[in-house]
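Just below is one structure, and these are the notes that go with it.
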């Protein structure tokens, strides 16, 4: 999908998926939930990736709306705010990656798709 905003062109991708990272630790959904908006470090998930967004919150163009996903998946919000579906946004998110979700839990979840 392509959107044009004046001189800015945004190519949206429907099936963005973070790379598999065997060099990072594995976390469970329960561990991610412990890093909600009131935690010392704030984590979110996207597909199989786990991300520490704590230091990014003040830079987030949408302000603290990113905290709506704290301790959970950002995927429902990316469905609403389609501007996130670009390679550039995924690259930025990957810089914040600290681990991956357990594959066993992903099999039982819609989030891993």
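In the working numbering, the protein residues as written are 149 to 261. Beta carbons: idealized from backbone N, C-alpha and C, even for Gly.
Whole-Å CB distance - residue i paired with residue j, under 8 Å assumed
{"i": "residue 264", "j": "residue 172", "result": "Coverage of the chain is limited to positions 149 through 261, which leaves residue 264 absent and any answer about it impossible."}
{"i": "residue 174", "j": "residue 194", "result": "So it is not a contact: roughly 16 Å between Cβ atoms."}
Sequence-distant residues of its chain with Cβ nearer than 7 Å to residue i (five each side left out)
{"i": "residue 253", "result": "176 and 177"}
{"i": "residue 208", "result": "214"}
Distance cut-off 7 Å: residue i Cβ against heavy atoms of the ligand GDP
{"i": "residue 175", "result": "As presented, the structure is devoid of all ligands, the ligand GDP included, so that no description of it is given."}
Per-residue DSSP class, three states only, for residue i
{"i": "residue 219", "result": "coil"}
{"i": "residue 184", "result": "coil"}
{"i": "residue 174", "result": "strand"}
{"i": "residue 244", "result": "coil"}
{"i": "residue 210", "result": "coil"}
{"i": "residue 200", "result": "strand"}
{"i": "residue 225", "result": "helix"}
{"i": "residue 251", "result": "helix"}
Cβ neighbour criterion (16 or more within 10 Å) applied to residue i
{"i": "residue 196", "result": "buried"}
{"i": "residue 190", "result": "buried"}
{"i": "residue 228", "result": "exposed"}
Cβ pair residue i, residue j closer than 8 Å
{"i": "residue 242", "j": "residue 166", "result": "yes"}
{"i": "residue 198", "j": "residue 245", "result": "yes"}
Sequence-distant residues of the same chain with beta carbon closer than 8 Å to residue i, five excluded per side
{"i": "residue 205", "result": "190, 212, 214 and 215"}
{"i": "residue 168", "result": "196 and 248"}
{"i": "residue 181", "result": "219 and 220"}
{"i": "residue 183", "result": "189, 190, 191, 200, 218 and 219"}
Beta-carbon contacts of residue i that lie in its chain and below 6 Å, excluding the five residues immediately before and after
{"i": "residue 232", "result": "226"}
{"i": "residue 217", "result": "192 and 225"}
{"i": "residue 185", "result": "215 and 218"}
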